[in-house]
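Participant:
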Amino acid sequence: MKKSTILVLLSISLLILSCTNAKTERGIKMYSETWDRIINDANLDLINNTNFTEDITLITSPENIVGIDAFKAYYQNFLTGFSDITFTVVDVFGQGDRIVKHWNFKGTNTGEFFGMPATGKTVDINGVTLVKMKDGKIAEEQDFMDNMVFLQQLGMVSSPENMGIINNLYKAFEIGDMPTVLGGMDAKVVWNEAEGNAYADGNPYIGPDAVLNGVFARIGAEHEYFKLENIQLHEMSNNQMLATLRYDAKLKANGATYNVQAAHLWTLNNGKVIAFQQYVDTKKLNDAINN
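Residues -22 to -1, 1 to 269, numbered by mature numbering (1 follows the signal peptide of the UniProt record, and there is no 0), are exactly what the sequence shown covers, in order.
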């Protein structure tokens, strides 16, 4: 092959590559600016046939969302469901008509979200979107994110760590390790004893010190022994744990013993107990005290 022919082919290849790169850069710019305005400016009207193909497709399970109207209705849930929204494109790159976007979404769930009532929770979630462009328009998207983390942040499912945290608190209480028990509580924990229980006179106890002095210290001073038995933990939604158990105890004042059913409802946030509600057979407790 002649040298001149090689140079011509090389020039053509470089020209094609340059045009392809320019096309990709235009697609990335258009895509990033469009989604910034849709989410951060709450401008859903930009989901139109100027920026998206008529058959824009969001790849989802069990059924894809197809068409501008359906696509727009889908994202309406995010703008209706969240306030204080910040949508950030962390990184974006592409090749040809394919774009990959790494994004971050922050917001507070203050409105109905896909038919679910507001939780008031704040979310901060990262994800990746695979994008296909066509003739300068957005033609297809597929989102990838940790849905379990998203639901946990919304308070719709609980953190898998909650059971271990509460289990460790009961173990610490069993051996009298009060620093560990109190250390598992938020600084503003709200603690309520069952109505009718003698220790309910201080409800609500706010903060670990109030719980220590108003509940734990009194239990220790007034009982020869106080044991928690048959503890069973039950995971609940909204970062709550339910414990069903029995109290086996003996009072110092009159030597009376009691063995009663009880239940504890724990609420956690970021690995700390923020609320506690006791339920117990207060009649048996009072019968023992007045024996």
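Virtual Cβ for every residue (Gly too), placed ideally from N, Cα, C.
Being a predicted model, the structure only gives us computed values, none of them experimental.
For the candidate residues 47, -1, 57, whose alpha-carbon lies nearest to that of residue 20?
Facilitator: Checked all of 47, -1, 57; the closest Cα to residue 20 is 57.
Participant: So what does DSSP say about residue 150, is it helix, strand or coil?
Facilitator: Three-state DSSP puts residue 150 in a helix.
Participant: Just curious, the beta strand (DSSP E) that residue 63 is in, first and last residue?
Facilitator: Element bounds for residue 63: 60 to 73.
Participant: Can you tell me which of the three DSSP states residue 28 falls into?
Facilitator: Three-state DSSP puts residue 28 in coil, outside helix and strand.
Participant: Would you tell me roughly how many angstroms separate the C-alpha atoms of residue 113 and residue 101, rounded to the nearest one?
Facilitator: Roughly 35 Å between the two C-alpha positions.
Participant: Please list the terminal residues of the continuous beta strand (DSSP E) segment that includes residue 101.
Facilitator: Start and end: 100 to 112.
Participant: If we call anything under 8 Å between Cβ atoms a contact, is residue 85 one with residue 69?
Facilitator: No; because the gap between Cβ atoms is not below 8 Å, this pair is not in contact.
Participant: Tell me whether residue 270 sits in a helix, a strand or coil according to DSSP, three-state version.
Facilitator: Any property of residue 270 remains undetermined from this structure, which presents the chain solely from -22 to 269.
Participant: Considering Cα atoms alone, identify which of 47, 6, 36, 41 is closest to residue 24.
Facilitator: Selected option, being the one with the closest Cα: 47.
Participant: Leaving out the 5 sequence neighbours to the left and right, which residues in its chain are closer than 7 Å to residue 211 when beta-carbon positions are compared?
Facilitator: Closer than 7 Å at Cβ, skipping near neighbours: 141, 144, 145, 219, 221.
Participant: Measure the alpha-carbon distance for residue 49 versus residue 244 and round it to whole angstroms.
Facilitator: Cα-Cα distance, rounded: 40 Å.
Participant: How should residue 137 be labelled, buried or exposed, when 16 other C-beta atoms within 10 angstroms of its C-beta is the threshold for buried?
Facilitator: Its Cβ being crowded by 16 or more others within 10 Å, residue 137 is buried.
Participant: By the three-class DSSP mapping on this structure, what secondary structure does residue -9 have?
Facilitator: At residue -9 the pLDDT is 37, less than 50, meaning the model places this residue with poor confidence; the figure from the coordinates comes in the next sentence. If DSSP states are grouped into helix, strand and coil, residue -9 belongs with the helices.
Participant: Contact between the stretch 91 to 100 and the stretch 8 to 20 is defined here as three or more beta-carbon pairs at a separation below 8 Å; is this criterion met?
Facilitator: No, the stretch 91 to 100 is not in contact with the stretch 8 to 20.
Participant: From the DSSP output, in three-state form, read off residue 227 for me.
Facilitator: Note: residue 227 maps to strand in three-state DSSP.
Participant: Mind checking which residues open and close the beta strand (DSSP E) that includes residue 240?
Facilitator: Residues 235 to 247.
Participant: Compare the C-alpha of residue 321 against each of 11, 259, 254, 157 and name the closest.
Facilitator: Residue numbering for the chain in the displayed model covers -22 to 269; residue 321 lies beyond these limits and cannot be assessed.
Participant: Would you kindly work out how many angstroms separate the C-alpha atoms of residue 170 and residue 176, rounded to a whole number?
Facilitator: The straight-line gap from Cα to Cα measures roughly 12 Å.
Participant: I think residue 135 touches residue 123, with their Cβ atoms under 8 Å apart; what is that distance to the nearest whole Å?
Facilitator: Actually they do not touch by this definition, with Cβ atoms about 15 Å apart.
Participant: When DSSP labels each residue in this structure, what does residue -14 get in the three-state scheme?
Facilitator: For residue -14, the predicted structure reports a pLDDT of 38, less than 50, and the residue's modelled location is therefore unreliable. A value from the coordinates is still provided. In the structure shown, residue -14 sits in a helix (DSSP, three-state: H, G or I).
Participant: Assign residue 268 to one of two classes, buried (16 or more other C-beta atoms within 10 Å of its C-beta) or exposed (fewer than that).
Facilitator: With fewer than 16 other Cβ atoms within 10 Å, it is exposed.
Participant: Relative to the alpha-carbon of residue 178, which residue among 239, 264, 82, 131 has its alpha-carbon at the smallest distance?
Facilitator: The residue with the shortest Cα to Cα distance from residue 178 is 264.
Participant: Considering Cα atoms alone, identify which of 238, 164, 130, 199 is closest to residue 183.
Facilitator: When only C-alpha atoms are compared, the closest one is 164.
Participant: Give the DSSP bridge partners of residue 85, in chain order.
Facilitator: Answer by DSSP bridge pairing, in chain order: 101.
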